Amino acid sequence: MHSKPNITVLCSLYHCETFLSSFLEALMAIEGKETIEVLLLHNAPSEKELDILQPFLLKADFVKHIIIPERESLYRTWNRGIQISKGEYITVWNVDDVRFPDSIIRQAEALDNNPSAAVAYGDIWVSKKYGDKGKFCTHSPQYSDCPKAFLQSYFISCFQMWRKSIHSEIGYYDEQFRCAADFDFQIRAALHFQFVKTSEPLGIYLEDQPHKLSANGLQQLENNIIYLRYGAFHKINLFTLKTSKRQYRKEQILQFGEYRPLNESVHKNAFQTKCEWILCFATSIYKQFKYEYVKPFIRRL
Numbered sequence: 005m006h007s008k009p010n011i012t013v014l015c016s017l018y019h020c021e022t023f024l025s026s027f028l029e030a031l032m033a034i035e036g037k038e039t040i041e042v043l044l045l046h047n048a049p050s051e052k053e054l055d056i057l058q059p060f061l062l063k064a065d066f067v068k069h070i071i072i073p074e075r076e077s078l079y080r081t082w083n084r085g086i087q088i089s090k091g092e093y094i095t096v097w098n099v100d101d102v103r104f105p106d107s108i109i110r111q112a113e114a115l116d117n118n119p120s121a122a123v124a125y126g127d128i129w130v131s132k133k134y135g136d137k138g139k140f141c142t143h144s145p146q147y148s149d150c151p152k153a154f155l156q157s158y159f160i161s162c163f164q165m166w167r168k169s170i171h172s173e174i175g176y177y178d179e180q181f182r183c184a185a186d187f188d189f190q191i192r193a194a195l196h197f198q199f200v201k202t203s204e205p206l207g208i209y210l211e212d213q214p215h216k217l218s219a220n221g222l223q224q225l226e227n228n229i230i231y232l233r234y235g236a237f238h239k240i241n242l243f244t245l246k247t248s249k250r251q252y253r254k255e256q257i258l259q260f261g262e263y264r265p266l267n268e269s270v271h272k273n274a275f276q277t278k279c280e281w282i283l284c285f286a287t288s289i290y291k292q293f294k295y296e297y298v299k300p301f302i303r304r305l
């Protein structure tokens with residue numbers, strides 16, 4: 005492995021025995037290993053996980069295994085990895101998702117070819133069975149066509165890649181959040197930098213699984229704070245907003261265990277703000293009605 009790799013891949017591991025062997029096989033199949041360092045950031049490893057890893061680590065000199073004795077949040081682990089990373093570009097790979105072998109190199113090439121872009125993203129296949137391509141592929145917009153959309157909706161997927169240098173401008177992931185800090189990070193990056201989309205899908209995302217962070221019921225609460233931070237008022241759920249504000253700090257970001265002021269914001273005039281809050285009210289009523297009455301009625305049928 006090169007002493008100064010161009011790309012760092014962050015892989016947070018926790019309670020991952022089910023997927024670990026297949027993940028390691030996929031890791032060995034990636035292209036461009038001579039320019040890549042992989043940081044396996046292993047939270048509270050089990051003996052079985054260590055037994056699976058030991059023979060792999062002996063033959064994978066581009067992989068560094070870092071043991072974190074006790075479990076911590078995903079975004080705290082990513083921040084830890086960012087701090088020790090050596091690559092000019094950083095990307096992520098969750099153990100239960102599947103990257104296509106050339107996806108990492110294609111993202112790096114997209115950034116190489118677009119010096120003004122700080123984040124490279126792409127479409128993904130969405131599946132309910134690990135390793136199965138599934139039938140649905142996302143169609144994220146081209147950043148150049150609608151940059152303002154990246155301030156309101158999440159598009160960079162589970163395989164985002166970014167320039168490490170942007171952290172000096174926008175900080176790190178907000179460790180308050182358990183499942184939506186990458187959405188918050190996307191918005192802060194989009195307020196300062198341009199993005200670039202790869203031409204082909206990057207891999208397969210495993211959805212609707214009980215172990216997924218998005219299954220813990222917090223996503224809506226966290227998204228409320230993100231919408232409130234950056235002025236996407238029409239997307240807030242008023243019925244859960246009070247709980248969101250009680251659990252999270254809107255004007256501060258938690259990084260490495262310390263809160264710092266949020267420096268980014270989106271300016272809107274008074275008329276825009278009023279219209280969006282009216283829409284927010286109407287949408288919240290509709291969603292609550294659908295959740296309490298329509299869905300139970302359909303289930304009974």
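178 is the number that the numbering used here gives to position 174 of the sequence shown; each next residue is one higher, with no gaps.
All residues carry an ideal CB built from backbone N, CA and C; glycine is no exception.
Note that this is a predicted model, so its numbers are computed, not measured.
Looking at the backbone, the Cα of Y263 and that of Y79 are separated by about 14 Å. According to the DSSP assignment, L258 belongs to the beta strand (DSSP E) that extends over 256 to 259. Judged by DSSP in its simplified three-state form, N273 adopts coil rather than helix or strand. Between D100 and the set A30, E255, E280, T39, the nearest pair of CA atoms involves A30. If only complete runs of 4 or more residues are kept, the stretch 94 to 177 shows the alpha helix (DSSP H) at 107 to 117, 171 to 174, in order along the chain.
Scanning its chain for C-beta atoms nearer than 6 Å, with the 5 sequence neighbours on each side dropped, one finds around E255 the residues L266, in chain order. Rounded to the nearest whole angstrom, the C-alpha separation of R110 and Q58 is 30 Å. CA-CA distance, E268 to K168, rounds to 19 Å. Within the stretch 7 to 62, the beta strand (DSSP E) runs of at least 3 residues that lie entirely inside it are, in chain order, 11 to 17, 40 to 47.
Residue environment analysis places N227 among the buried positions, since at least 16 neighbouring C-beta atoms fall within 10 angstroms of its C-beta. For the pair of segments examined, the stretch 57 to 75 was found not to touch the stretch 135 to 155: the number of CB pairs separated by less than 8 Å stays below three.
Within the model, the alpha-carbon separation for H143 versus D65 is close to 36 Å. The DSSP-derived three-state label of G207 is strand. In the same chain as E21, and ignoring 5 residues on each side of it, the C-beta atoms closer than 6 Å to its own belong to K52, E53, in chain order. Assignment of R250 by DSSP, reduced to helix, strand and coil, places it in the helix class. E179 sits in coil when the DSSP states are folded into three classes, being neither helix nor strand.
Between the C-alpha atoms of I40 and G91 there is a straight-line separation of about 8 Å.
The C-beta of R250 has fewer than 16 other C-beta atoms within 10 Å across all chains shown, which makes the residue exposed. Secondary-structure assignment with DSSP links Q198 through a beta bridge to A121. Excluding residues up to 5 positions away in sequence, S26, V102, I208 lie with their Cβ nearer than 8 Å to the Cβ of G135 in the same chain. Excluding residues up to 5 positions away in sequence, T95, V96, V123, A124, Y125, D186, Q190 lie with their Cβ nearer than 8 Å to the Cβ of Q164 in the same chain.
Looking at the DSSP output, I72 shares a beta bridge with N47. Under the DSSP assignment, E92 falls outside any alpha helix (DSSP H); it carries neither an H nor an E label.
The distance from the Cβ of V67 to that of L44 is about 6 Å, consistent with a contact at the 8 Å cut-off. E268: not part of any alpha helix (DSSP H); DSSP gives it neither H nor E. Cα atoms of H271 and P145: separation of roughly 23 Å, rounded to the nearest angstrom.
By the C-beta criterion, the stretch 114 to 123 is judged to be in contact with the stretch 194 to 210, since at least 3 inter-stretch pairs fall below 8 Å. Annotation: I240 is outside any alpha helix (DSSP H) and is labelled neither H nor E by DSSP.
Excluding sequence positions up to five before and after S248, its CB lies within less than 6 Å of the CB of L225, N228, I229, all in the same chain and listed in chain order.
By the CB criterion at 8 Å, P49 and C141 fall outside the cutoff. Around the beta carbon of I160, a 10 Å sphere encloses 16 or more other beta carbons of the protein chains shown; the residue is thus reported as buried. At a Cβ-Cβ threshold of 8 Å, I70 and L24 do not count as neighbours.
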